[in-house]
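Chemist: At position 419 of the sequence shown the residue is numbered 419 (the UniProt record's numbering), and the sequence of numbers has no breaks.
We put the CB at the ideal spot given by N, CA and C, even for glycine.
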Amino acid sequence: MFARKEKPLPIAVLKPEPINTQQTKGEGIHLGEGYYWNPEALPNGHIVAIGASGSGKTQTLKAIAFSLHQTYPEMQVILLDFHGDQEIIGETYYPIHMASPHGINPLVVNLDPEGGGSNLQAIQIAGILKKSLRLGPNQEGMLIEIIKTCYLKRGIVQEQRSTWSFEPPNFDDIEEELNRRVATAFQDEEKKELAESICVRDLPVGKPNASGIYFIFHHKGAGGENIPQSPPSSPSLLYIGAARDIQKRIDGHHHIRYLLKEHYPGETFQIRYYEHLSDWQELIKLENYLIQIHKPPLNQTTLRTECKESQKLKLKLAATFQYGVFSRPQPEFNEKLVRIDLSKLPTELRAIAAESLAWQLMNQHRLQGEIQGRLPRTFLFIDEAKEMPKKEGSACDQIIADGRKFGLALVMASQSERHLSADVIGNSSTKIVLPVDQTEVKKVSQKFRFSEKKVEALTPLTALCRFGKDAELLKIQPYYQRERRC
Ligand SMILES: Nc1ncnc2c1ncn2[C@@H]1O[C@H](COP(=O)(O)OP(=O)(O)OP(=O)(O)O)[C@@H](O)[C@H]1O
Ligand SMILES: [Mg+2]
């Protein structure tokens with residue numbers, strides 16, 4: 001309704017000379033035909049590339065990544081690989097899939113005092129999941145609340161910055177919390193009877209390496225040095241918890257440790273356990289009945305009525321839990337040439353992983369502060385822009401807008417201009433147009449400001465390039481030729 005007439009674009013130009021005088025041998029990296037691309041000579045290091053299937057995007061991006069790594073050994077080059085075809089000599093390879101030991105944790109808290117913290121992280125992650133898994137507004141709201149609860153259980157609170165660097169929860173914690181909400185709304189006579197039959201004071205003491213329910217007891221007046229001596233009394237039950245591994249739960253980061261420290265500083269506790277081999281859902285049902293029977297003071301479980309909504313949310317999140325990639329430890333990704341292979345994940349999970357990583361990178365760079373000079377600290381390569389979430393305010397838009405200052409450059413390629421946001425095209429100093437599909441010629445020539453004729457005439461690995469204000473027609477030297485020389 002309010003469509004604006006777009007401003008007429010400047011006349012398309014293409015300089016006839018094949019070699020730009022400002023970009024001579026020895027400065028930057030060789031792109032092809034004696035042309036050197038120098039990120040320091042441009043307003044920013046961002047690159048956007050477009051081309052149909054087989055036009056040479058992957059070969060061009062790999063060539064740039066490879067040569068950047070060779071020319072600037074101190075710089076970090078990270079490739080998010082959606083198709084499993086980005087292998088480069090010298091890389092450190094991180095495959096992320098169901099059976100790999102590596103994970104990505106979207107819940108790692110952004111430590112930036114001016115835009116970080118657990119609450120904001122909860123909102124951001126819920127936003128990413130909403131987009132990728134098509135959550136409704138109620139489900140998104142519930143997820144925010146669940147994630148906040150998970151942070152609280154690890155002692156991480158928005159108001160205390162010192163807690164932001166505690167070990168973050170992961171998607172196991174989200175699954176547990178969600179299961180708890182689903183389970184609390186169900187009646188299960190069998191579990192109720194079992195709960196009533198358990199004589200908690202007679203259970204064995206210890207922390208077995210098993211799944212089940214644990215009970216934390218406290219002897220009033222015992223242990224604390226400053227507490228006046230009182231006659232021995234029977235231990236009181238403080239807390240009941242379900243755990244898939246009791247020992248790990250009690251010795252790991254869990255809110256109960258923080259609660260005990262806060263309410264009973266310096267005191268010791270007795271732990272009894274009831275071993276119960278079953279899945280989360282069943283464990284939590286049992287835990288819930290036990291809590292209802294014994295009402296321990298440190299349990300904060302409230303019965304909820306939102307069971308239907310939590311069940312729907314659980315269904316939508318099922319694949320994210322099942323793949324386990326968001327529950328395993330995330331590597332540091334510190335090496336100088338890193339390939340993170342997301343190709344074995346389903347599309348939605350790829351997008352969640354990639355968007356989370358891109359945000360983490362942006363946040364880390366912001367924390368490191370602004371760079372001196374123009375050479376970026378890090379180049380992030382994304383060959384297949386369509387795999388990234390396209391909503392406004394995405395990580396890529398943020399990197400394109402703010403990355404330069406903090407030394408983070410983005411290199412993005414796509415088969416179609418539809419997958420590249422106006423911000424990404426507009427703010428990338430380097431634009432590379434490889435042959436595109438006939439149906440794309442018009443739009444591409446407009447958006448990248450080259451004449452339709454010139455775009456139409458391109459052949460694989462020949463590119464119309466814009467470097468800041470300059471334009472070149474270049475035969476790119478592909479990665480496979482550089483690799484052979486190595
Ligand atoms: N090792 C190689 N030796 C010779 N030619 C190769 C080699 N690898 C790729 N090519 C050729 O390079 C060209 C560009 O391939 P590339 O994989 O970069 O295309 P692309 O634009 O990424 O396509 P897609 O969108 O399908 O991923 C193709 O014509 C391909 O056949
Ligand atoms: Mg490709």
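1) Looking at ligand 1, does it come within less than 7 angstroms of G54, judged from the CB to the closest heavy atom?
2) Rounded to whole angstroms, what is the Cα-Cα separation between E275 and S67?
3) Residues bridged to T462 by DSSP?
4) So what's T439 in DSSP terms, helix, strand or just coil?
5) Do you know whose CA, among S100, I47 and K62, lies nearest Y323's CA?
6) For ligand 1, any of its heavy atoms closer than 7 angstroms to the Cβ of P297?
7) Assess contact between the stretch 60-79 and the stretch 286-299, defined as three or more Cβ pairs (one per stretch) separated by less than 8 angstroms. Is contact present?
8) What residues in its chain sit with their C-beta under 8 angstroms from that of L203, if we drop five residues either side in the sequence?
9) Apply the 10 Å Cβ neighbour rule to L80 and answer buried if 16 or more other Cβ atoms are within range, or exposed otherwise.
10) Per DSSP, what kind of secondary structure is A242 in: helix, strand or coil?
11) For H263, count neighbouring Cβ atoms within 10 angstroms of its own Cβ and tell me buried if that reaches 16, exposed if not.
12) Are I156 and F166 touching if we call contact CB-CB under 8 angstroms?
13) Going by Cα to Cα distance, which pick from I399, F381 and I352 is closest to Q364?
14) Using only alpha-carbon positions, find the residue among K131, L133 and P106 that is nearest to L120.
15) In terms of residues, what are the limits of the beta strand (DSSP E) holding W164?
16) Taking the alpha-carbon of residue 487 as reference, which of Y258, G51 and G393 has the nearest alpha-carbon?
17) Which same chain residues end up closer than 6 angstroms to G90 when comparing Cβ atoms and leaving out the 5 residues on each side of it in sequence?
18) Is it true that the stretch 194-201 meets the stretch 127-134, where meeting means three or more beta-carbon pairs spaced less than 8 angstroms apart?
19) With distances taken Cα to Cα, identify the nearest neighbour of I250 among G212, I476 and K447.
20) Tell me, which residues are paired with Q76 by DSSP?
Modeler: So, to answer that:
1) Position 54 of the sequence shown, counting from 1, holds the residue named residue 54. A heavy atom of ligand 1 is found nearer than 7 angstroms to the CB of G54.
2) Sequence index remark: in the sequence shown, residue 275 carries index 275 (1-based). Sequence index remark: in the sequence shown, residue 67 carries index 67 (1-based). About 57 angstroms.
3) If you number the sequence shown from 1, residue 462 lands on position 462. K475.
4) Taking the first residue of the sequence shown as 1, we reach residue 439 at position 439. In the displayed model, T439 falls within a helix according to three-state DSSP.
5) Numbered from 1 along the sequence shown, position 323 holds the residue referred to as residue 323. Sorting S100, I47 and K62 by C-alpha distance to the C-alpha of Y323 places S100 at the top.
6) Start at 1 with the first residue of the sequence shown, and residue 297 comes out as number 297. At a threshold of 7 angstroms, P297 does not count as near ligand 1, since its beta carbon sits no closer than that to any of the ligand's heavy atoms.
7) Here the stretch 60-79 makes no contact with the stretch 286-299; the two share fewer than three CB pairs at distances below 8 angstroms.
8) In the sequence shown, counting from the first residue as 1, residue 203 sits at position 203. Within the same chain, L203 has close Cβ partners F215, R272, Y273 and Y274.
9) Indexing the sequence shown from 1 puts residue 80 at position 80. With a 10 Å radius around the Cβ and a threshold of 16 neighbouring Cβ atoms, L80 comes out buried.
10) In the sequence shown, the residue the question calls residue 242 occupies position 242. For A242, the three-state secondary structure derived from DSSP is strand.
11) Numbered from 1 along the sequence shown, position 263 holds the residue referred to as residue 263. With fewer than 16 Cβ atoms within 10 Å of its Cβ, H263 is classed as exposed.
12) The residue labelled residue 156 in the question sits at position 156 within the sequence shown. The residue labelled residue 166 in the question sits at position 166 within the sequence shown. Pairing I156 with F166 gives a Cβ-Cβ distance under 8 angstroms.
13) One-based indexing of the sequence shown puts residue 364 at position 364. Checked all of I399, F381 and I352; the closest Cα to Q364 is I399.
14) Residue mapping note: residue 120 aligns to position 120 of the sequence shown, counting from 1. Between L120 and the set K131, L133 and P106, the nearest pair of CA atoms involves P106.
15) Here residue 164 corresponds to residue number 164 of the sequence shown, with the count starting at 1. In the DSSP assignment, W164 falls outside any beta strand (DSSP E), carrying neither H nor E.
16) Nothing can be reported for residue 487: it is not among the residues displayed for the chain, which extend from 1 to 486.
17) By one-based count along the sequence shown, residue 90 stands at place 90. In chain order, L337 place their CB closer than 6 angstroms to the CB of G90, counting only its own chain and leaving out the 5 sequence neighbours on each side.
18) At 8 angstroms Cβ cutoff, the stretches do not touch.
19) Within the sequence shown, the letter at position 250 stands for residue 250. Of G212, I476 and K447, the residue nearest in Cα terms is G212.
20) Here residue 76 refers to the residue found at position 76 of the sequence shown. T378, per the DSSP bridge assignment.
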